[in-house]
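Written below as structure tokens is the structure these notes are about.
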Amino acid sequence: MSGGEAHGGGRARVGSVPDPHALPEILAALEANSREIEDFFGGLPNEAFFSGDEQHWGPAHHLSHLSIAHRRVGRGLSTPAKLPRHESARSRTFDQMREAYRARLAQVPPEQLRPNPLPPSIEPGASQRALVDEYRDAAAAMRAAATAWSEDDCDSRAMPHPILGWLSAREMLFFFVHHDRLHLENVRGRLGPG
22 MSGGEAHGGG RARVGSVPDP HALPEILAAL EANSREIEDF FGGLPNEAFF SGDEQHWGPA
82 HHLSHLSIAH RRVGRGLSTP AKLPRHESAR SRTFDQMREA YRARLAQVPP EQLRPNPLPP
142 SIEPGASQRA LVDEYRDAAA AMRAAATAWS EDDCDSRAMP HPILGWLSAR EMLFFFVHHD
202 RLHLENVRGR LGPG
């Protein structure tokens, strides 16, 4: 049985990667996102990269936020035995998780969304190259931690999400496939055509 059959649903596309279900597919989608993010953010002019402030995030803020999120989840994935059991030991599909996130975001009052639970951290004197490298390393570490997981553990262990509550580890990885692209497309949209 393929990963798609195991988790139900059709096979849509996420960026250039088929809708991921099995762990190898999820990791491939995460890696493809990571390469695209590194290339895009690393190729921005320095003044565009460091535009914005903590109230109006610029590219550096988005990238720092992604690094922090990947590091935090990577730490959790590196100690699966410490994670609680998932209530149902079943995971939604990628599409179901993405739609649940969109629906939940639409319900959260804007004043509760503004104080992001993982605010970006940009040290004075930080360089664009250092921030891109920090993201690359954090994303790679999260993927590396996930490679040790079995398909069953991806469904049977739970991780907390600040908006969605408890997710299976597989759903958390689905979230990152969506979340990475969301930030990438947000920055592309704000900067407009090059």
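Everything in the sequence shown is counted per this note's numbering, starting at 22 for the first residue and increasing by one. Even for Gly, the Cβ is constructed at its ideal location relative to N, Cα and C.
Look at Leu84 and Leu126 and say whether their C-beta atoms are less than 8 Å apart.
-> Here the question's residue 84 lines up with position 63 in the sequence shown. Here the question's residue 126 lines up with position 105 in the sequence shown. No, the pair does not count as a contact, with Cβ atoms beyond the cut-off.
Paired residues, beta bridge with Met180 - DSSP = For this step, residue 180 is matched to residue 159 along the sequence shown. Leu188, per the DSSP bridge assignment.
CA-CA distance, Pro45 and Ser88?
-> By one-based count along the sequence shown, residue 45 stands at place 24. By one-based count along the sequence shown, residue 88 stands at place 67. Each residue's Cα considered, the two are about 22 Å apart.
What three-state label does DSSP hand Arg106 in the structure shown?
-> Your numbering for residue 106 matches position 85 in the sequence shown. Of the three classes helix, strand and coil, the one that applies to Arg106 here is strand, per DSSP.
Alpha helix (DSSP H) runs wholly inside the stretch 59 to 89, at least 4 long, in chain order | 67 to 70
Spatial distance of Arg211 from Pro138 (CA atoms) = In the sequence shown, residue 211 corresponds to position 190, counting from 1. In the sequence shown, residue 138 corresponds to position 117, counting from 1. Going by the C-alpha atoms only, they are around 22 Å apart.
Could you have a look at Thr100 and say whether DSSP puts it in helix, strand or coil?
-> The residue labelled residue 100 in the question sits at position 79 within the sequence shown. In the structure shown, Thr100 sits in coil (DSSP, three-state: anything other than H, G, I, E or B).
Euclidean distance between Cα positions of Ala162 and Arg92 | Position 141 of the sequence shown, counting from 1, holds the residue named residue 162. Position 71 of the sequence shown, counting from 1, holds the residue named residue 92. Their Cα atoms are separated by approximately 7 Å.
Would you kindly report the start and end of the unbroken alpha helix (DSSP H) that includes Ala11?
-> With the chain covering only 22 through 215, there is no way to say anything about residue 11.
DSSP-derived helix/strand/coil call for Trp147 | Looking up residue 147 in the sequence shown gives position 126. The identity of residue 147 in the sequence shown is Ala, whereas the question assumes Trp. In this structure, Ala147 counts as coil in the three-state DSSP scheme.
Excluding the five sequence neighbours on either side, which residues of its own chain have a C-beta within less than 8 Å of the C-beta of Phe217, listed in chain order?
-> The structure shown has nothing for residue 217, since the chain only spans 22 to 215.
Would you mind sorting Pro181 into buried or exposed? The rule is 16 or more other CB atoms within 10 Å of its CB.
-> In the sequence shown, the residue the question calls residue 181 occupies position 160. Looking at its Cβ environment, which holds fewer than 16 other Cβ atoms inside 10 Å, Pro181 is exposed.
Do you know how far the Cα of Arg191 is from the Cα of Ala216?
-> Because residue 216 is not part of the residues shown, which for the chain are 22 to 215, the question remains open.
Can you give me the Cβ contacts of His199 inside the same chain, cut-off strictly under 8 Å, excluding the 5 residues immediately before and after it?
-> Against the sequence shown, residue 199 aligns to sequence position 178. Cβ neighbours of His199 beyond the five flanking positions: Val35, Phe115, Met118, Arg119 and Tyr122.
Opening and closing residue of the alpha helix (DSSP H) in which Leu126 lies | For the purposes of this step, residue 126 is taken as residue 105 along the sequence shown, with counting starting at 1. Run containing Leu126: Phe115 to Gln128, per the alpha helix (DSSP H) assignment.
Alpha carbon to alpha carbon, how far is Glu144 from Gly25? Give it in angstroms, no decimals.
-> Here the question's residue 25 lines up with position 4 in the sequence shown. Here the question's residue 144 lines up with position 123 in the sequence shown. Annotation note: pLDDT 31 at Gly25 (below 50); position unreliable, no value reported.
6 Å CB neighbourhood of Ser55 in its chain, flanking five on each side removed | Taking the first residue of the sequence shown as position 1, residue 55 is located at position 34. Result list for Ser55: Ala160, in chain order.
Using three-state DSSP, classify Gly24 as helix, strand or coil.
-> Counting from one through the sequence shown, the residue named residue 24 turns up at place 3. Only weak support is given to the placement of Gly24: the predicted model assigns it a pLDDT of 31, under 50, and the value that follows is read from those uncertain coordinates. The answer is helix: DSSP assigns Gly24 an H, G or I state.
Distance, Cα to Cα, Pro66 vs Thr168?
-> For this step, residue 66 is matched to residue 45 along the sequence shown. For this step, residue 168 is matched to residue 147 along the sequence shown. In a straight line, the C-alpha of Pro66 is about 35 Å away from that of Thr168.
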